[in-house]
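Below is one structure, written out as structure tokens, with a few remarks after it.
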Amino acid sequence: MSSRDCYDDRHRSSPKRESLHKKSSQHSKKASVLCSQCGGKVDENSPEQTAFKQALEINYPYAMSIEDFVFKTKELLIPYGFLPNVNTMCLLSLCRDEITSPFKSVIESIYGASFSCGSLGGMLLCGRTGFAAAHHHVPADGANLIYYCFTHIGINSKGQVGSVLRSKTAMKEESTACGALVAFNTELKKGLLSPVQIDEDDLEMSMLKKQILKAVPTLSTNSTLWDVTNAAYLAITIELENHVIQDSKHHNKRRYALFTGIQIHGPKGHDFAWIGKSSLIHNGILKNFPLS
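In this text, residue positions in the sequence shown follow the UniProt record's numbering: the first is 1, and each later residue adds one.
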């Protein structure tokens, strides 16, 4: 399945275009569980949690906490020879936004220091030189590379998509996430001129727009932040697969694991991962790598 097919399937099957599934049972009592990220008690039936969880289910079904996601991928990759701190290096493409850092911390707590490939919006702009540099940091043969490449978005306690409260930096009011994708979406609504002109004082933003529109040229004045964010995920996936497949053709003993999707920032600094596509590449051949 191609990256574009994957994106189209997500659009067709997304519950955002269907009615929300009815709950099989009603909770008459408040349920408190321990937060997987901070260890504190969480009232799952509080209005804050209910609104956020409903928005998460509608927009990003099957999203899981970043801790659960990284641990799950580690467990599934070990039988394929991906051994943390032995023969495996991680390469990350996350947005420059400081609120993406918990994702990096979780990954590096398992695999050690990672190679950074990311830019605004999590776009892959390191190009041939960047990929070549990363691939020269492991043995020519026999090493394993894991790519975690995610764009990001916020969902606040009211279930509003694109908003996040950065409480750890003393912010009292909500701001946007991803700010670069919100700015791009605003330009689209105003009628973005095409082709995109390269602004030498704003190179990453210029390339973000070019890559996303190349991947999804149908974005328009009617596109939402949800549409733009999913288009960014697709653009990242296409760019990643192109570079890694080429490298794998020259290193037939290397194995590559690719995970792309969207990092979701929830209330109180709780982060989740929606996995759009997961693949293994070996000897120039890409195969789906299901996580369930």
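The C-beta atom is built at its ideal place from N, Cα and C for all residues, glycine as well. Everything numeric in this text was worked out from a predicted model, so none of it was measured.
| query | result |
| --- | --- |
| Going by DSSP, what residues sit across from M64 in a beta bridge? | A273 |
| Taking the alpha-carbon of residue 293 as reference, which of G127, V70 and H135 has the nearest alpha-carbon? | Lying outside 1 to 292, the shown extent of the chain, residue 293 is not represented and no answer is given. |
| Closest to residue 295 by C-alpha separation, out of N59, G118 and A113, would be which residue? | Only positions 1 to 292 of the chain appear in the structure, and residue 295 is not among them; the question remains open. |
| Find out if the Cβ-Cβ distance for the pair A273, I66 is shorter than 7 Å. | yes |
| Candidates P102, A215 and A132: which alpha carbon is nearest residue 293's? | What is shown of the chain runs 1 to 292, which leaves residue 293 out entirely. |
| If you draw a straight line from the C-alpha of V161 to the C-alpha of I153, how long is it? | 7 Å |
| Would you check if there are 3 or more beta carbon pairs closer than 8 Å linking the region 136–150 to the region 88–106? | yes |
| For Q246, does the count of other Cβ atoms within 10 angstroms reach 16, so buried, or fall short, so exposed? | exposed |
| For residue 317, report the span of its beta strand (DSSP E) as first-last. | Absent from the structure is residue 317, since the part of the chain shown begins at 1 and ends at 292. |
| In whole angstroms, give me the CA-to-CA distance for L124 and M207. | 10 Å |
| Which residues does DSSP list as the beta-bridge partners of G261? | F150 and I275 |
| Have a look at the DSSP bridge pairing and note the partners of H282. | R255 and I285 |
| Measuring CB to CB, does R96 end up less than 7 Å from L120? | yes |
| Quick one: grab the DSSP three-state call for S223. | coil |
| From the DSSP output, in three-state form, read off T176 for me. | strand |
| Start and end of the alpha helix (DSSP H) containing P102? | S101 to Y111 |
| Hey, out of L94, F184 and D68, whose CA is closest to T224's CA? | F184 |
| Give the range of the alpha helix (DSSP H) segment to which Q211 is assigned. | L203 to A215 |
| For N156 and E57, what's the separation of their Cα atoms in angstroms? | 14 Å |
| What is the residue span of the alpha helix (DSSP H) that G142 lies within? | Run containing G142: none; DSSP gives neither H nor E here. |
| My guess is that G122 and F150 are in contact by the Cβ rule of under 8 Å, so how many angstroms apart are they, rounded? | 6 Å |
| So L291 and S278 are in contact, right, with Cβ under 8 Å, and what is the actual spacing, rounded? | 6 Å |
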